[in-house]
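>
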Amino acid sequence: MSKKGQVITFKACRKCNYLVESGVVKCPVCGSVNFSIEYEGLIIILDKDNSEVAKKLKKNANGKYAIKVY
């Protein structure tokens, strides 16, 4: 949990678009170490098993995903 007033920065996995905090070195979803700090949009999947969005985008883990990664 972040402290009040602290800004958390994210980076996006270039392989699966999963968003992680800037200090993470390996994607917890796909294992990639290739990240970008430049991305657009955000999708949050709360229940991957019942989410039509998750099925359409072929995302198999709950969490935050970038829509487009540069």
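Under this note's numbering, think of the first position of the sequence shown as 11, with each following residue one higher. Even for Gly, the Cβ is constructed at its ideal location relative to N, Cα and C. In this text the structure is predicted, and so the values were computed from the model without any measurement.
I need the DSSP call for V63, collapsed to helix, strand or coil.
V63 falls in the helix class under three-state DSSP.
> Within a Cβ cutoff of 6 Å, which residues of the same chain sit near L67, ignoring the five residues on either side of it in sequence?
Closer than 6 Å at the Cβ level, and outside the excluded window around L67, lies no residue.
> Name the residue from N44, C40 and V63 whose alpha carbon lies nearest to the alpha carbon of L52.
When only C-alpha atoms are compared, the closest one is V63.
> Please classify Y49: is it buried, with 16 or more other beta-carbons within 10 angstroms of its beta-carbon, or exposed?
Result: buried.
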